[in-house]
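Colleague: One point on numbering: in our numbering, the residue at position 8 of the sequence shown is 10, and numbering is uninterrupted. Using N, Cα and C, we set each Cβ at its ideal position, and we do this for glycine too.
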Amino acid sequence: MPAKIIDGNEIASEIRNELKKSIAGLKSKGVIPGLTVVLVGDDPASQVYVRMKGKACEELGLYSETIRLPADHKEDDLLKLIDDLNANPRIHGILVQLPLPDHIDETKILDRISPEKDVDGFHPVNVGKMLIGDPGFLPCTPHGVQELLIRSGNSPEGKHVVVVGRSNIVGKPVAAILMQKKKGANATVTVCHSRTKDLPSITRQGDIVIAAMGVPQFIKADMVKDGAVVIDVGVNRVDDSSAKKGYRLVGDVDFEAVKEKASAITPVPGGVGPMTIVMLIKNTVISAERTTEHQ
Ligand SMILES: NC(=O)c1ccc[n+]([C@@H]2O[C@H](COP(=O)([O-])OP(=O)(O)OC[C@H]3O[C@@H](n4cnc5c(N)ncnc54)[C@H](OP(=O)(O)O)[C@@H]3O)[C@@H](O)[C@H]2O)c1
């Protein structure tokens, strides 16, 4: 039987509705959650992501601003901007869109963002908290994957989750989140990467397979077991002369073939992507709520 399609738009909309209540509560205390997105350069994919983030903020009545800087913007000036945003009480979340141009040290920039405003969850303090299971900010895409699993009725508890990819942005944090001794986690996690030997023999053991490699349609039907739950984090542009833009988006999973074997699967687009954005909004709301805790 073909897999159930896990609809990321629908689940993200469910979370947005929950957030409306929290946002209204904050507004009644005179607080409007504020997010600043900093975009350096003109990477086309980044521009799309930044636009989507701004739109999502607007729709929920958050204060949002996008600071667009030229590709040759100086690292020191970017650090100064982050210092100003850290000190700005109107801003509860700061997101520097990655990747940054080569002359800017990404680590230095991410480390400068105050951990209390690090709604992307990439500051080492938040990464450490995630690993030990303390409350901080969880990174948006991996946290979105966990929410997708739970809310689609595919809880990772007690399951063998195979993650393909070990980046700091997706692979490692999703593994860290799902292995926690916590409700909605408690998975047995295997992490694979480009040096993994006989990858298909490992992915076939996964009750849940999470593909986060950045290789178009790499995960084939013979790489997953019958009834597996497949989460496709990949977003890849592939040439398509029949498409208006000359390309189309595909994931890291061969969706058409794998959906015939899996019990549930996320599409691309419309799977993990919308979750990333709503989790960013959620982190910004949480950050704003934390500022009111001692009032
Ligand atoms: N939907 C969203 O919101 C969202 C958010 C973030 C990222 N993404 C997408 O998710 C994908 C992954 O992003 P990323 O930032 O994690 O990518 P990344 O930094 O390039 O990492 C890719 C990982 O996949 C592994 N890998 C690559 N080829 C492999 C192969 N043939 N076999 C096994 N492992 C392989 C790499 O192994 P090594 O470590 O050994 O090199 C690496 O760990 C991309 O398509 C990206 O666009 C989507």
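Taking the beta carbon of S30 as the centre, do at least 16 other beta carbons fall within 10 Å, making it buried, or is it exposed?
Modeller: The sequence position of residue 30 within the sequence shown is 28, counting from 1. Flag for S30 reads exposed.
Colleague: Applying the criterion that 16 or more other CB atoms from any shown protein chain within 10 Å of the CB defines a buried residue, is R114 buried or exposed?
Modeller: Taking the sequence shown and counting its residues from 1, one reaches residue 114 at position 112. So R114 counts as buried.
Colleague: In the DSSP assignment, what are the bridge partners of V232?
Modeller: By 1-based counting over the sequence shown, the position of residue 232 is 230. According to DSSP, which records beta bridges pairwise, V232 is partnered with V211, I267.
Colleague: Quick check: the Cα distance between L71 and R92, rounded to an integer number of angstroms?
Modeller: On the sequence shown, position 69 is the one that residue 71 refers to. On the sequence shown, position 90 is the one that residue 92 refers to. When rounded, the distance between both Cα atoms is 21 Å.
Colleague: Can you find the residues in the same chain that come closer than 7 Å, C-beta to C-beta, to V172, ignoring five residues on each side of it along the sequence?
Modeller: For the purposes of this step, residue 172 is taken as residue 170 along the sequence shown, with counting starting at 1. Answer for V172: T143, P144, A214, V235, listed in chain order.
Colleague: Pick out whichever of K76, N90, L80 has its Cα sitting closest to the Cα of Y65.
Modeller: Within the sequence shown, numbered from 1, the residue matching residue 65 stands at position 63. Y65 has its Cα closest to that of N90, out of K76, N90, L80.
Colleague: T286 and H94: beta carbons closer than 9 Å?
Modeller: Here residue 286 corresponds to residue number 284 of the sequence shown, with the count starting at 1. Here residue 94 corresponds to residue number 92 of the sequence shown, with the count starting at 1. Going by C-beta atoms, T286 is nearer than 9 Å to H94.
Colleague: State whether the region 235 to 246 contacts the region 102 to 109, with contact taken as three or more CB pairs (one from each stretch) at a distance under 8 Å.
Modeller: No, the region 235 to 246 does not touch the region 102 to 109.
Colleague: Which of helix, strand or coil does DSSP assign to K38?
Modeller: In the sequence shown, the residue the question calls residue 38 occupies position 36. The sequence as given places Thr at residue 38; Lys does not occur at that position. Strand, per DSSP.
Colleague: Would you check whether ligand 1 has a heavy atom nearer than 8 Å to the C-beta of L201?
Modeller: Here residue 201 corresponds to residue number 199 of the sequence shown, with the count starting at 1. Because some heavy atom of ligand 1 lies under 8 Å away, the Cβ of L201 counts as near it: yes.
Colleague: Using a Cβ distance threshold of 8 Å, determine whether the region 174 to 182 contacts the region 221 to 228, with at least three qualifying pairs required.
Modeller: Verdict: no, contact absent.
Colleague: Find the nearest neighbour of V166 within the set I84, L87, V217, judged by alpha-carbon distance.
Modeller: Residue 166 sits at position 164 when you count from the first residue of the sequence shown. Taking only the C-alpha atoms, the option nearest V166 is V217.
Colleague: Contact check, V306 vs G146 under 8 Å by CB: the rounded distance?
Modeller: Within the shown structure, residues of the chain are numbered from 3 to 297, placing residue 306 beyond reach of any answer.
Colleague: What are the start and end residues of the alpha helix (DSSP H) that includes R153?
Modeller: The count along the sequence shown starts at 1 and reaches residue 153 at position 151. 142 to 153 is the span of the alpha helix (DSSP H), which, as asked, contains R153.
Colleague: Would you check whether ligand 1 has a heavy atom nearer than 8 Å to the C-beta of S48?
Modeller: By 1-based counting over the sequence shown, the position of residue 48 is 46. It does not: the Cβ of S48 is nowhere closer than 8 Å to a heavy atom of ligand 1.
Colleague: Considering only heavy atoms of ligand 1, does any lie closer than 8 Å to the CB of S169?
Modeller: Here residue 169 is taken as the residue at index 167 of the sequence shown, counted from 1. The answer is yes for S169.
Colleague: Residues in its own chain within less than 6 Å of P276 by CB, not counting five upstream and five downstream?
Modeller: Position 274 of the sequence shown, counted from the first residue, corresponds to residue 276. So the qualifying residues of the chain are G10, N11, A14.
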